[in-house]
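**Student:**
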Amino acid sequence: MALNISDLSITYPTKDGELLACENISLRVEPGEFVTVIGPSGCGKSTLLHVMGGMLKPTRGAVDLDGVPVTQPDPRKAAFVFQDYSLLPWKTVIENVELGLIFAGVSRRTARQTAAEKLATVGLSEFAGARPRQLSGGMQQRVAVARALAMEPAYLLMDEPFGALDEQTRRSLGADLGQRLTATGQGVVLITHSLEEAIYWADRIVVLSARPGRVLTEIRVAETRPRSLDFMTTPEFAGIRAELFSLIQPSRRVTA
Amino acid sequence: MSVAVGASARAPGRTRARVRALRIIAVIVVAAGWAAASYGGFASAVILPPPDVVLRELLDLLRGGTLWQATLVTAMELVVAFVLAGLLGIVAGFLLSRTRRIAAAMEPLLAWGYVFPFALLYPLFVTWFDAGPESKIAYAVVNGFFPIAFNTMRGLSNIDERYLKLAKAFRASRQQIDWHIKVGAAWPMIVSGLRIGCGMVMVTVVLGEVLGANAGLGFEIQQAVNTFQIAKSYALIAFLTVLTGILLWVMERAFKASRYA
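Right, here's the structure in full:
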């Protein structure tokens with residue numbers, strides 16, 4: 000299932016008139032591909048992701064999955080992982096993971112079984128009965144990933160999923176989850192403002208300009224997945240990092 | 000009370016023991032003050048009968064049948080009034096929270112009902128429902144209803160945006176949002192409404208019995224005072240204090256068990 004975005008523009012109504020968040024974005028994500036979207040803050044990358052998942056309607060252009068237009072959220076096709084985890088504190092970890100399945104009307108037993116499998120996929124089986132607040136931020140985000148995976152979606156739509164975590168956790172969790180998701184052939188669109196994350200996760204990096212967000216360029220990362228953390232120390236990584244750095248430095252426009 | 004329980008439950012063992020000791024000391028100080036005042040001759044036996052006289056009255060009451068009959072009446076009124084106030088309050092709070100505009104319109108009205116001195120209207124309740132238990136129940140339901148409805152409505156209409164966004168992304172139906180998201184998110188507010196409502200019901204049932212009734216503990220107290228049996232009225236008050244203490248404790252246990260912390 001390929002995700003197509005064609006000629007997308009999004010405007011926001013604000014009190015000072017219309018605000019153009021993204022403009023003329025076209026993008027295609029192949030099945031099983033990891034695509035990261037990076038750009039300066041306020042470039043509309045998060046908005047773009049919400050449109051991809053049917054949470055927002057574009058002002059112009061369209062999103063489709065193998066030709067079927069995306070007009071409302073369908074977690075069976077594209078499931079969200081939010082930056083703030085959004086776990087329900089009054090439910091246990093496994094109840095959180097099976098939530099989407101329960102919403103979809105799956106029987107309790109099947110839902111529980113699938114949830115347990117996905118919890119194992121993210122390495123948290125032993126915490127099934129815990130409450131979210133008993134887990135660290137990184138573990139909570141794993142639960143949110145398991146909740147999305149339980150829907151067996153074609154794509155995970157991850158909105159700065161590690162943004163609230165400290166550097167160390169962010170790196171190790173990113174590496175671990177990246178490897179686990181690669182093993183299952185999961186397609187991922189990941190929004191980030193971290194250069195490292197954008198490179199480490201990506202088969203392809205989409206670089207957006209400052210607002211209004213436009214696709215500046217796409218960069219392929221040749222290194223095969225799964226990648227070890229050592230990939231971050233290679234010349235290839237350093238080269239892409241330097242390129243990205245110069246592309247999204249806000250000061251570039253000032254001095255240019 | 001709930002604050003003290005919450006704080007001591009979280010505190011480590013030593014602090015908890017200290018809190019408990021302080022509580023007992025406070026009770027002892029009051030009792031000692033009472034004993035000193037009446038045995039020391041500072042207070043007349045009419046105003047403050049000595050503890051041993053009150054204790055003897057209490058033992059007499061516990062052995063007799065009137066007290067238990069009165070207790071049964073009061074307990075029945077309490078339970079019925081609380082269940083009705085709880086059901087009506089939660090249903091009303093839920094229905095009013097369904098539309099944002101209605102919730103906004105009703106919130107101040109419920110808040111006003113929350114503080115309105117319904118005691119002023121008690122004579123009307125007696126006219127409407129007679130002096131039997133029905134008037135106490137109706138009066139207590141009206142008093143208990145407002146905090147429960149108010150808190151339920153506020154809890155259900157102020158749901159964290161993140162949870163609603165999650166519900167949308169994972170395609171929850173309206174019923175699923177109500178059940179899986181809203182009830183869970185509003186639960187602490189609903190419980191706090193029930194807790195306040197429970198206190199209201201306790202106070203108003205007994206107040207109703209004192210103001211005008213033909214049975215119940217409040218009625219017995221009123222009778223004792225009217226016939227100048229001051230020691231008996233103190234004994235009845237002591238009994239009522241213990242009874243409401245037990246009821247509160249049971250309620251706290253029930254609410255605690257339902258908390259998801």
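Protein chains in written order, with numbering that gives the first Met the number 0: chain A, 0 to 255; chain B, 0 to 260.
Just so you know, even glycine gets a beta-carbon here, dropped at the ideal spot from N, CA and C.
Determine the burial state of A/TRP200: buried for a count of at least 16 other Cβ atoms within 10 Å of its Cβ, exposed for fewer.
**Tutor:** Taking the first residue of the first sequence as 1, we reach residue 200 of chain A at position 201. Result: buried.
**Student:** Can you find a CB in chain B that lies within less than 9 Å of the CB of A/ALA153?
**Tutor:** Within the first sequence, residue 153 of chain A is the residue found at index 154, counting from 1. Answer no: the Cβ-Cβ gap between A/ALA153 and chain B never drops below 9 Å.
**Student:** So what does DSSP say about A/THR183, is it helix, strand or coil?
**Tutor:** Residue mapping note: residue 183 of chain A aligns to position 184 of the first sequence, counting from 1. A/THR183: coil per DSSP, three-state reduction.
**Student:** DSSP on A/GLU159, reduced to helix/strand/coil?
**Tutor:** As a working note, residue 159 of chain A is residue 160 in the first sequence. Reduced to three states, the DSSP call for A/GLU159 is coil.
**Student:** Using a Cβ-Cβ cutoff of less than 8 Å, which residues in the same chain neighbour B/ILE236 once the five nearest sequence positions on both sides are dropped?
**Tutor:** Taking the second sequence and counting its residues from 1, the one referred to as residue 236 of chain B is at position 237. Around B/ILE236: ILE220.
**Student:** Skipping 5 residues on each side, what residues in its chain have a beta carbon closer than 7 Å to that of A/ALA237?
**Tutor:** Numbered from 1 along the first sequence, position 238 holds the residue referred to as residue 237 of chain A. No residues qualify anywhere along the chain.
**Student:** Looking at the secondary structure, which residues open and close the beta strand (DSSP E) in which A/CYS21 lies?
**Tutor:** Reading the first sequence from its first residue, position 22 is the one you call residue 21 of chain A. Run containing A/CYS21: 16-28, per the beta strand (DSSP E) assignment.
**Student:** Within 10 Å of its beta-carbon, does A/VAL50 have 16 or more other beta-carbons around it, so buried, or fewer, so exposed?
**Tutor:** Position 51 of the first sequence, counted from the first residue, corresponds to residue 50 of chain A. With 16 or more Cβ atoms within 10 Å of its Cβ, A/VAL50 is classed as buried.
**Student:** Am I right that A/CYS42 and A/ALA209 are in contact with their C-beta atoms under 8 Å? What's the rounded C-beta distance?
**Tutor:** Along the first sequence, read from residue 1 onward, the residue named residue 42 of chain A stands at position 43. Along the first sequence, read from residue 1 onward, the residue named residue 209 of chain A stands at position 210. Contact flag correct, Cβ pair sits at about 6 Å.
**Student:** Cβ of A/PRO74 less than 9 Å from any chain B Cβ?
**Tutor:** On the first sequence, residue 74 of chain A is found 75 positions in, with the first residue counted as 1. Closer than 9 Å to some Cβ of chain B, the Cβ of A/PRO74 qualifies, so yes.
**Student:** At which residues does the alpha helix (DSSP H) containing B/THR14 begin and terminate?
**Tutor:** Locating residue 14 of chain B in the second sequence gives position 15, where the first residue counts as 1. 12-38 is the span of the alpha helix (DSSP H), which, as asked, contains B/THR14.
**Student:** Strictly below 9 Å CB to CB, what residues from chain A border B/GLY183?
**Tutor:** As a first step, residue 183 of chain B is located in the second sequence; it is residue number 184 there, counting from the start. Per Cβ cutoff of 9 Å: LEU87, PRO88, TRP89 and LYS90.
**Student:** Determine the direct distance from the alpha carbon of B/GLU251 to that of B/CYS197, and round the result to whole angstroms.
**Tutor:** By 1-based counting over the second sequence, the position of residue 197 of chain B is 198. By 1-based counting over the second sequence, the position of residue 251 of chain B is 252. So the two alpha carbons sit approximately 10 Å from each other.
**Student:** Are the stretch 117-130 of chain B and the stretch 210-226 of chain B touching, with three or more C-beta to C-beta distances below 8 Å?
**Tutor:** The stretch 117-130 of chain B is in contact with the stretch 210-226 of chain B.
**Student:** 9 Å is my cut-off, CB to CB: does B/GLN68 come that close to chain E?
**Tutor:** Looking for chain E here will not work: the only protein chains present are A and B.
**Student:** Let me know if A/GLN185 comes out buried or exposed under the rule of 16 or more other beta-carbons within 10 Å of its beta-carbon.
**Tutor:** Counting from one through the first sequence, the residue named residue 185 of chain A turns up at place 186. When all chains shown are included, A/GLN185 counts as buried.
**Student:** Which residues in chain B have a C-beta closer than 8 Å to the C-beta of A/GLY99? List them in chain order.
**Tutor:** Your numbering for residue 99 of chain A matches position 100 in the first sequence. Per Cβ cutoff of 8 Å: PHE169 and ARG170.
**Student:** Check the C-beta distance from A/LEU180 over to A/THR35 and give it rounded, since I have them as a contact under 8 Å.
**Tutor:** What you label residue 180 of chain A is simply residue 181 of the first sequence in a count that begins at 1. What you label residue 35 of chain A is simply residue 36 of the first sequence in a count that begins at 1. Wrong, their Cβ atoms sit about 13 Å apart, outside the cutoff.
**Student:** Taking three-plus beta-carbon pairs below 8 Å as touching, is the stretch 87-98 of chain A in contact with the stretch 133-147 of chain A?
**Tutor:** Taking 8 Å as the limit for Cβ pairs, the verdict is that the stretch 133-147 of chain A does touch the stretch 87-98 of chain A.
**Student:** Of all the alpha helix (DSSP H) runs that stay within the bounds of the stretch 57-96 of chain A, which reach a length of 4 or more residues?
**Tutor:** Taking only runs of at least 4 residues, the alpha helix (DSSP H) segments lying wholly in the stretch 57-96 of chain A are 92-96.
**Student:** Compare the C-beta of A/ARG203 with all C-beta atoms of chain B and state if any pair is closer than 9 Å.
**Tutor:** Reading the first sequence from its first residue, position 204 is the one you call residue 203 of chain A. Cβ-Cβ to chain B under 9 Å: no for A/ARG203.
**Student:** First and last residue of the alpha helix (DSSP H) that includes B/PRO50?
**Tutor:** Taking the second sequence and counting its residues from 1, the one referred to as residue 50 of chain B is at position 51. From DSSP, the alpha helix (DSSP H) with B/PRO50 extends over 50-62.
**Student:** Assign B/ASN213 to one of three DSSP states: helix, strand, or coil.
**Tutor:** In the second sequence, residue 213 of chain B corresponds to position 214, counting from 1. Note: B/ASN213 maps to coil in three-state DSSP.
**Student:** Terminal residues of the continuous beta strand (DSSP E) containing A/ILE204?
**Tutor:** Position 205 of the first sequence holds residue 204 of chain A. Element bounds for A/ILE204: 203-207.
**Student:** I need the straight-line Cα distance from A/SER193 to A/ILE37, nearest angstrom please.
**Tutor:** Position 194 of the first sequence, counted from the first residue, corresponds to residue 193 of chain A. Position 38 of the first sequence, counted from the first residue, corresponds to residue 37 of chain A. Going from the Cα of A/SER193 to the Cα of A/ILE37 covers about 8 Å.
**Student:** Give me the Cα-Cα distance between B/ARG22 and B/LEU246, rounded to the nearest whole angstrom.
**Tutor:** Along the second sequence, one-based indexing puts residue 22 of chain B at 23. Along the second sequence, one-based indexing puts residue 246 of chain B at 247. About 19 Å.
**Student:** Would you give the residue range spanned by the beta strand (DSSP E) that A/THR10 belongs to?
**Tutor:** Here the question's residue 10 of chain A lines up with position 11 in the first sequence. Counting along the chain, the beta strand (DSSP E) containing A/THR10 begins and ends at 2-13.
**Student:** For chain B, check one thing: does any of its Cβ atoms lie closer than 9 Å to the Cβ of A/GLY52?
**Tutor:** Sequence index remark: in the first sequence, residue 52 of chain A carries index 53 (1-based). Yes, because at least one Cβ of chain B sits closer than 9 Å to the Cβ of A/GLY52.
**Student:** Using CA atoms only, rank isn't needed, just tell me which of B/VAL45, B/GLY32, B/PHE41 and B/THR14 is closest to B/THR226.
**Tutor:** Working through the second sequence from its first residue, we reach residue 226 of chain B at position 227. When only C-alpha atoms are compared, the closest one is B/VAL45.
**Student:** Would B/TRP186 count as contacting chain A if we go by Cβ distances under 9 Å?
**Tutor:** On the second sequence, residue 186 of chain B is found 187 positions in, with the first residue counted as 1. Interface residue, yes.
**Student:** From the DSSP output, in three-state form, read off A/GLU217 for me.
**Tutor:** If you number the first sequence from 1, residue 217 of chain A lands on position 218. DSSP places A/GLU217 in strand when its eight states are reduced to three.
**Student:** For A/MET231, which of A/ARG203, A/ILE198 and A/GLY212 has the nearest alpha-carbon?
**Tutor:** Locating residue 231 of chain A in the first sequence gives position 232, counting from the first residue. Checking every option, the nearest Cα to that of A/MET231 belongs to A/ILE198.
**Student:** Are B/PHE254 and B/ARG173 close, meaning C-beta to C-beta below 9 Å?
**Tutor:** Counting from 1 along the second sequence, the entry for residue 254 of chain B is found at position 255. Counting from 1 along the second sequence, the entry for residue 173 of chain B is found at position 174. Result no, Cβ atoms of B/PHE254 and B/ARG173 do not sit closer than 9 Å.
**Student:** Whose C-alpha, out of A/VAL187, A/VAL69 and A/LEU7, is nearest the C-alpha of A/PRO160?
**Tutor:** Along the first sequence, read from residue 1 onward, the residue named residue 160 of chain A stands at position 161. Checking every option, the nearest Cα to that of A/PRO160 belongs to A/VAL187.
**Student:** Less than 9 Å between CB atoms is the rule here; does A/ASP83 satisfy it with respect to chain B?
**Tutor:** Taking the first residue of the first sequence as 1, we reach residue 83 of chain A at position 84. With 9 Å as the cut-off, A/ASP83 counts as an interface residue toward chain B.
**Student:** Looking at the strands, I want to know which residues DSSP matches up with B/GLY92.
**Tutor:** Residue 92 of chain B sits at position 93 when you count from the first residue of the second sequence. Looking at the DSSP assignment, B/GLY92 forms no beta bridge with any residue, so it has no partner.
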